[in-house]
Amino acid sequence: MFDLNEFLDDLKTVVSIDSNSYDPVGLNKCVDFYQSIAEKQGLFVKRHFINDKTGDFLEISNKENPTHYDVIMMGHIDTVQPVDYSKEYPFRIEGELAHGPGISDMKAGTLSMLYIMRELSKETYDSLSIGILMNCDEEISSRYTEQLTRSFARKADYAFILEGGKNDGQHTIMRKGTATYKITFHGLACHAGHILEQPNANALVEMGRWAVELHKLNNKETGLSVNPGICSSGRAGNVVPDLAEMTVNIRVTHKSQFEEFESKMKSLSESPYINGVTVEFERVACRTPMLPAPGMDEYLERVKKVFYEKLGLNFSVNPMKGGCSDGNFIADEGVICLDHLGPHGSGGHKKIEYIYKDEIIHCINRLTVLIEEIADYKKTH
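Counting the sequence shown from 1 gives a position; my numbering is that position plus 94.
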């Protein structure tokens, strides 16, 4: 029987642990906490050491050493907030809202996965192989754990991502892909007083030209968005900059747009505005678009039916979202994947971040119904 007070106590504990993506100590404190809950429930737990830069990857299952998953649930442990942020903005309940750093994105959803396992019928629990996956680097594009996540996806039939649910109640089956590029400009320094007489090549000016040209690629019709987000250059006002660096993030609706964008950068590098400037670019992070896997249309009809019959709810989906999650990788492996299944809330990455306290049980009920529907479906298929 679900106990909201117990859940809120556990949620307070985990929200009060700062777990920035670059803080392996804080991350592993959260891992320890989730592991302790899972083991008390009799679940099988494996910790995968990734590296010294991040926390461990948790693999939790109701079966020992599973080679196949009927369904996986996935969440991330890391947050964007810095260390000690929870001291300034602690977990708190104000009326119907529960606030705290990372509570919506996505500590409430990650904790919910363990509580969902308690609510399943014994028949469903025994008949299905269910996996719970938790990584510690999602907020930095899962740069260390993408391949591990994909390896689990290839063993799974269905996947549920418990990113914080949206207040409109809609769920997600499509997300844009994303890539981040580091672009470096090499020029030739010169005293500002000798620009007209001595050889020079202003790397900053060339970077400015790129920022303008890349910004022009934003296109509502194709869904491509381009954001030159970080620029740095120069060491003194009287010196021509010989080095400039820019970080650019793009969002795409199709994989082909990655190649098209890189072709544009190659063209710009081959015809510089400032003679003597050379340019290098590197893709430092990438997520493929989350697109519906084969069988998604049929599955959505099943979900709509069971939501209405068991919960009295309509099930609806968003248009393609610009934000990304680990669902991008999982869907790319051909797995039927639903996202934004966590407790409803808002304010992710902000001081006001919150979930609706009474939404927690509704989230757990929704996921319980979804998993038990899969068990029922597999009996006859």
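Glycine residues also receive a C-beta, built at the ideal position from the N, C-alpha and C atoms. On a predicted model such as this, the values are computed, not experimentally measured, just so you know.
> Enumerated in chain order, which unbroken segments of the alpha helix (DSSP H) with a length of 4 residues or greater are wholly contained in the region 406 to 430?
Replying inline: 421 to 426
> Which term fits residue 460, buried or exposed, when burial requires 16 or more other beta carbons within 10 angstroms of its beta carbon?
Replying inline: As a working mapping, residue 460 is identified with position 366 in the sequence shown. It counts as buried.
> By Cβ distance, which residues of its chain are closer than 8 Å to residue 405, with the 5 residues on each side in sequence left out?
Replying inline: The residue labelled residue 405 in the question sits at position 311 within the sequence shown. So the qualifying residues of the chain are 459, 460 and 463.
>> Once DSSP output is grouped into helix, strand and coil, what is the label at residue 183?
In response: Residue numbering aside, residue 183 sits at position 89 when the sequence shown is read from its first letter. Note: residue 183 maps to coil in three-state DSSP.
>> Let me confirm a value: residue 145 is counted as buried when at least 16 other C-beta atoms fall within 10 Å, else exposed. Which label applies?
In response: Position 51 of the sequence shown holds residue 145. Residue 145 should be labelled exposed.
> Less than 8 Å separating the beta-carbons of residue 228 and residue 169?
Replying inline: In the sequence shown, residue 228 corresponds to position 134, counting from 1. In the sequence shown, residue 169 corresponds to position 75, counting from 1. A contact, by the Cβ cut-off of 8 Å.
> Quick one: what's residue 433 bridged to in DSSP?
Replying inline: In the sequence shown, counting from the first residue as 1, residue 433 sits at position 339. Looking at the DSSP assignment, residue 433 forms a beta bridge with 266.
> Exposed or buried, residue 273, counting other C-beta atoms within 10 Å across all chains shown (16 or more means buried)?
Replying inline: The sequence position of residue 273 within the sequence shown is 179, counting from 1. It is buried - the Cβ of residue 273 has at least 16 other Cβ atoms within 10 Å.
> CB residue 450 to CB residue 190, shorter than 8 Å?
Replying inline: Within the sequence shown, the letter at position 356 stands for residue 450. Within the sequence shown, the letter at position 96 stands for residue 190. It is a contact, given that the beta carbons lie within the stated cut-off.
> Of all Cβ atoms in chain C, is any one closer than 8 Å to the Cβ of residue 255?
Replying inline: The structure shown contains no chain C; it holds only a single protein chain.
>> So if DSSP puts residue 114 in a beta bridge, which residue, or which two residues, is it bridged to?
In response: As a first step, residue 114 is located in the sequence shown; it is residue number 20 there, counting from the start. 173.
>> Quick check on residue 446: buried or exposed, where buried means 16 or more other Cβ atoms within 10 Å of its Cβ?
In response: Within the sequence shown, the letter at position 352 stands for residue 446. So residue 446 counts as exposed.
> In terms of residue numbering, what span does the alpha helix (DSSP H) encompassing residue 468 cover?
Replying inline: In the sequence shown, residue 468 corresponds to position 374, counting from 1. Run containing residue 468: 453 to 474, per the alpha helix (DSSP H) assignment.
>> Let me check understanding here. Comparing Cα to Cα, which of 129, 412, 158 and 352 lies closest to residue 222?
In response: Position 128 of the sequence shown, counted from the start, is the residue given in the question as residue 222. When each option's Cα is compared against that of residue 222, the closest is 158.
> Just checking my contact of residue 172 with residue 131 at CB under 8 Å: how many whole Å lie between their CB atoms?
Replying inline: Mapped onto the sequence shown, residue 172 falls at position 78. Mapped onto the sequence shown, residue 131 falls at position 37. In fact, because the Cβ distance is near 18 Å, the residues do not count as touching under 8 Å.
> Among 417, 356, 126 and 457, which has the Cα closest to the Cα of residue 235?
Replying inline: Counting from one through the sequence shown, the residue named residue 235 turns up at place 141. For the residues 417, 356, 126 and 457, the minimum Cα distance to residue 235 belongs to 417.
> Distance, Cα to Cα, residue 174 vs residue 246?
Replying inline: By one-based count along the sequence shown, residue 174 stands at place 80. By one-based count along the sequence shown, residue 246 stands at place 152. Those two C-alpha atoms are separated by around 25 Å.
> According to DSSP, which residues form a beta bridge with residue 108?
Replying inline: Within the sequence shown, residue 108 is the residue found at index 14, counting from 1. Beta bridge pairing from DSSP links residue 108 with no other residue.
> If you run the structure through DSSP and keep just helix, strand and coil, what is residue 286?
Replying inline: Here residue 286 refers to the residue found at position 192 of the sequence shown. If DSSP states are grouped into helix, strand and coil, residue 286 belongs with the helices.
>> Here's the rule I'm using: 16 or more other beta-carbon atoms within 10 Å means buried, otherwise exposed. How should residue 327 be labelled?
In response: What you label residue 327 is simply residue 233 of the sequence shown in a count that begins at 1. So residue 327 counts as buried.
> In the structure shown, what three-state DSSP assignment does residue 204 receive?
Replying inline: Reading the sequence shown from its first residue, position 110 is the one you call residue 204. Reduced to three states, the DSSP call for residue 204 is helix.
>> Tell me the residue span of the beta strand (DSSP E) that contains residue 227.
In response: In the sequence shown, residue 227 corresponds to position 133, counting from 1. DSSP places residue 227 inside the beta strand (DSSP E), whose first and last residues are 224 to 229.
> Does DSSP classify residue 122 as helix, strand or coil?
Replying inline: Your numbering for residue 122 matches position 28 in the sequence shown. Helix at residue 122.
>> What does the Cβ neighbour count give for residue 502, buried or exposed, with the cut at 16 atoms within 10 Å?
In response: In the structure displayed, the chain extends from 95 to 475; residue 502 sits before or after that span and is not available.
> If you pair each beta-carbon of the region 320 to 338 with each one of the region 293 to 300, do three or more pairs fall below 8 Å?
Replying inline: yes
> Are the region 285 to 292 and the region 371 to 382 in contact at 8 Å, needing three or more beta carbon pairs?
Replying inline: no
>> Let me check one thing: in DSSP terms, what residues is residue 259 bridge-paired to?
In response: As a first step, residue 259 must be located in the sequence shown, where it is residue number 165. Answer is 438.
> Does the Cβ of residue 351 have 16 or more other Cβ atoms within 10 Å, making it buried, or fewer, making it exposed?
Replying inline: Start at 1 with the first residue of the sequence shown, and residue 351 comes out as number 257. Buried, by the Cβ-count rule.
> If residue 97 and residue 122 are in contact, beta carbons under 8 Å, what's the gap, nearest whole angstrom?
Replying inline: Here residue 97 refers to the residue found at position 3 when the sequence shown is read from its first residue. Here residue 122 refers to the residue found at position 28 when the sequence shown is read from its first residue. Separation of the CB atoms of residue 97 and residue 122 is rounded to 27 Å, and the pair is thereby denied contact status at 8 Å.
> Residues bridged to residue 322 by DSSP?
Replying inline: One-based indexing of the sequence shown puts residue 322 at position 228. DSSP, once it has assigned bridges, lists 342 as partnering residue 322.
> What is the DSSP secondary structure of residue 271, reduced to helix, strand or coil?
Replying inline: Start at 1 with the first residue of the sequence shown, and residue 271 comes out as number 177. Reduced to three states, the DSSP call for residue 271 is strand.
> For residue 449, does the three-state DSSP call read helix, strand or coil?
Replying inline: Counting from 1 along the sequence shown, the entry for residue 449 is found at position 355. Strand, per DSSP.
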